[in-house]
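Position 8 of the sequence shown, counted from 1, bears residue number 8 in the numbering used here, the numbering being contiguous throughout. Note that CB positions come from ideal geometry on N, CA and C, so glycine has one too. None of these values were measured; they are calculated from a predicted model. Below: one structure, written as structure tokens.
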Amino acid sequence: METIKRHKVNYGKPALFPELMTTPRRCVGQGYYLSERERRELQMHLAFLVREKLNTVDPNAVAVVRDDFRKVGYLSEAQARTFAPILDGLESLQISCRVDGSRLWLDLPAPAALRKALGVK
């Protein structure tokens with residue numbers, strides 16, 4: 001039997017930059033937060049990236065949260081290392097996403113373009 005973690009995360013007031021070009025990247029860790037059935041039936045078009053500065057496993061962790069505040073996974077470790085410093089000054093970042101089978105794909109903006117849009121070096 002699967003042990004599914006049901007975590008709610010407040011994403012506050014998200015920043016939004018729909019004009020930025022994006023690249024699809026996989027959400028990781030969904031199996032910890034969604035059952036197999038939930039992953040098959042998942043329907044999402046928006047996601048929120050939220051920094052988890054107090055995460056003891058990965059200090060750069062960036063959670064992926066649904067619009068009902070439920071955590072559904074994370075950015076990969078490599079992506080989190082890039083995006084964490086950019087997101088540190090935000091409550092969250094709203095992005096588009098899509099589901100393909102049981103996989104969640106996140107439309108991530110180019111880090112340099114996001115930094116420029118935020119005025120972050």
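(1) Under the three-state reduction of DSSP, which class applies to Lys53: helix, strand or coil?
(2) Ordered along the chain, which non-local residues of its own chain (more than five positions away) have a Cβ less than 7 Å from that of Ala61?
(3) Helix, strand or coil: how does DSSP classify Leu34 here?
(4) Using only CA atoms, which one of Arg70, Asn10 and Pro18 lies nearest to Tyr32?
(5) Determine the closest residue to Ala117 out of Thr82, Pro59, Ile86 and Val28, with distance taken between C-alpha atoms.
(6) So what does Tyr74 bridge to, in DSSP terms?
(7) Is it true that the CB of Met21 sits closer than 9 Å to the CB of Ala113?
(8) Taking only the alpha-carbon atoms, compute the straight-line gap between Cys27 and Pro14 and give it to the nearest angstrom.
(9) How would you label Leu16, buried or exposed, when you count the other beta carbons within 10 angstroms and need 16 or more for buried?
(10) Confirm, please, whether the CB-CB distance from Val65 to Leu34 is below 9 Å.
(11) Determine the contact status of Arg6 and Leu106, defining contact as a CB-CB distance below 9 Å.
Here's the rundown:
(1) By one-based count along the sequence shown, residue 53 stands at place 53. When secondary structure is reduced to three states using DSSP, Lys53 falls in the coil class, being assigned neither helix nor strand.
(2) Residue mapping note: residue 61 aligns to position 61 of the sequence shown, counting from 1. Around Ala61, the same chain offers Glu52, Asn55, Tyr74 and Ala80 as residues with beta carbons nearer than 7 Å, after the five sequence neighbours per side are excluded.
(3) Looking up residue 34 in the sequence shown gives position 34. DSSP places Leu34 in coil when its eight states are reduced to three.
(4) The residue labelled residue 32 in the question sits at position 32 within the sequence shown. Distance check between Tyr32 and each of Arg70, Asn10 and Pro18 places Arg70 closest, using alpha-carbon atoms only.
(5) On the sequence shown, residue 117 is found 117 positions in, with the first residue counted as 1. The candidate whose alpha carbon is nearest that of Ala117 is Ile86.
(6) Taking the sequence shown and counting its residues from 1, one reaches residue 74 at position 74. Bridge partners of Tyr74: Val28 and Ala63.
(7) In the sequence shown, the residue the question calls residue 113 occupies position 113. In the sequence shown, the residue the question calls residue 21 occupies position 21. Yes, these two residues count as a Cβ contact at 9 Å.
(8) Locating residue 27 in the sequence shown gives position 27, where the first residue counts as 1. Locating residue 14 in the sequence shown gives position 14, where the first residue counts as 1. Distance between the alpha carbons of Cys27 and Pro14: 19 Å.
(9) In the sequence shown, the residue the question calls residue 16 occupies position 16. Within 10 angstroms of the beta-carbon of Leu16 lie fewer than 16 other beta-carbons, which makes it exposed.
(10) For the purposes of this step, residue 34 is taken as the residue at position 34 of the sequence shown. For the purposes of this step, residue 65 is taken as the residue at position 65 of the sequence shown. No, the Cβ-Cβ distance between Leu34 and Val65 is not below 9 Å.
(11) Translated into positions along the sequence shown, residue 6 becomes position 6. Translated into positions along the sequence shown, residue 106 becomes position 106. No, they are not a contact pair.
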